[in-house]
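I have placed the structure first, in the form of structure tokens, so that the comments after it can refer back to it.
Residue numbers (the numbering used here): 9 to 415.
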């Protein structure tokens, strides 16, 4: 079997699984850390994803970037349904870029997808969140939010919190948990009709350890999932109050205009930067390995000054590569029967050879820019040994780690 990059990564995880499991086991549970590091006043984290306040307000933290795909609403619906929460009392927030919200559910999900044997999945699960924390994993992509974080993270968090709240009510009343039920953010004693709001039970529930494998609802029991729920991000985008990366501002900030290498893989040979300084407000011109940037007191001045910079780039084998060349390479790779396989189920060759009819078609799409609708941007304010960062990103925790290394 060929070893590709992804198999190597997960193989490395398994080889180091014992050490990672030890690391994970010695760390306080995430909701306990959240209650120490993040909770204010009487609010309590029942799981790291779910915070409940005494007035019964529920906040669900989503560790994925909302980019118009509706994921903040979808994942919150999954958690709220399992929690039996009153949707009208649910607030949705972006999880902060801290290791408490590093996404181990992605590690577990991709491990299964890449063919990690079932008998090793227990080890992957035990070390997944340690791997996520060490690797600063808080990524959005690969259509993974609902199928991994939602199914294995948010639903489990909601079901676990519901079970903890029921147990807290049972202790308060001195009754068996079997006689209790939940509805609209309340725990009810079925025999007497008495009830506690989740907010009244949050403090006791937060002292418990979340169950690892709480029972999830059957599809027939869903109250929120499957319904047409308005997305929480739409109103602010419609009325203009939504904040984007480009809206960030700091007093006396400077702006950079960047010229990248014209061809992938090309390096900067030289740059005549002196003409740029003829533009008022220019502070500096910075030469990098594959780009040059002009820094000024406004973006427009930086942009106009950059137009005056003359650059020379080294020759590259990619200078003459065309779309036709790339398409031809794809065809050659597809025709190569020795290519690596990430996953194989059944016998595709046998199924095709025994089929009554063969239907063959080829589809091609051009390279597309994987970019935000707003201009690509990032604002950084370095203050001594700390830095504040504003940017539109699909990898908040990873970006934070990289800035910490280079700032």
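We put the CB at the ideal spot given by N, CA and C, even for glycine.
Check the Cα spacing between residue 223 and each of 391, 91 and 48: the tightest is with 91. Residue 48 counts as exposed, since fewer than 16 other C-beta atoms from the protein chains shown sit within 10 angstroms of its C-beta. At least 7 Å separates the beta-carbon of residue 85 from that of residue 163. If you keep only unbroken beta strand (DSSP E) runs of at least 3 residues inside the region 163-241, you get 188-191, 194-197 and 203-205. Shown here for residue 83: same chain residues with a beta carbon closer than 6 Å to its own, the five before and five after excluded, namely 70, 158 and 162 in chain order.
Beta-bridge annotation (DSSP): residue 321 is paired with 276. The C-beta distance from residue 254 to residue 74 rounds to 16 Å, too long to meet the 8 Å contact threshold. If you compare the alpha carbons of 215, 221, 358 and 199 with that of residue 165, the shortest gap goes to 221. Ranked by how close their Cα comes to the Cα of residue 271, the residues 327, 257, 374 and 103 have 327 in first place.
Residue 296 sits in coil when the DSSP states are folded into three classes, being neither helix nor strand. Buried is the label assigned to residue 56, since at least 16 other Cβ atoms lie within 10 Å of its Cβ.
Secondary structure of residue 79 (DSSP, three-state): helix.
Taking 8 Å as the upper bound for CB-CB distance, residue 177 and residue 209 are in contact here, some 6 Å apart. When 110, 277, 109 and 199 are compared, the shortest CA-CA separation from residue 183 is found for 199. In summary, residue 201 is exposed, with fewer than 16 beta-carbon neighbours lying within 10 Å of its beta-carbon over all protein chains present.
The beta carbons of residue 206 and residue 390 sit no closer together than 7 Å. For the pair residue 398 and residue 256, the CB atoms are nearer than the 7 Å cut-off. Note on geometry: alpha-carbon atoms of residue 319 and residue 380 lie some 28 Å from one another. The C-alpha of residue 372 is placed about 41 Å away from the C-alpha of residue 228. Per the coordinates, the alpha-carbon of residue 108 lies some 43 Å from the alpha-carbon of residue 337. Residue 291 is positioned such that its CB atom lies no closer than 7 Å to that of residue 314. Around the beta carbon of residue 141, a 10 Å sphere encloses 16 or more other beta carbons of the protein chains shown; the residue is thus reported as buried. Listed as beta-bridge partners of residue 371 by DSSP are no residues whatsoever. Counting only the Cα atoms, residue 282 lies some 28 Å from residue 259. With contacts defined by Cβ atoms closer than 7 Å, residue 95 and residue 232 form a contacting pair. Of the candidates 409, 413 and 415, the residue whose Cα lies closest to the Cα of residue 110 is 409.
7 Å or more divides the Cβ of residue 300 from the Cβ of residue 340.
Non-local C-beta neighbours of residue 137 in its own chain, meaning closer than 8 Å and more than five positions away in sequence, comprise 32, 38, 110, 112 and 115, ordered along the chain.
Pairing residue 354 with residue 411, the inter-Cα distance amounts to about 45 Å.
If you keep only unbroken alpha helix (DSSP H) runs of at least 4 residues inside the region 358-414, you get 404-414. Collapsing the DSSP output to three states places residue 307 in a helix. Comparing alpha-carbon positions, the option among 289, 89 and 235 lying closest to residue 193 turns out to be 89. When DSSP states are grouped into helix, strand and coil, residue 96 belongs to the helix group. In the structure shown, residue 102 falls within a strand segment according to DSSP collapsed to helix, strand and coil. The three-state reading of DSSP puts residue 90 in helix, counting H, G and I together. Between residue 147 and residue 170, the C-beta gap is not smaller than 7 Å, which leaves the two residues out of contact.
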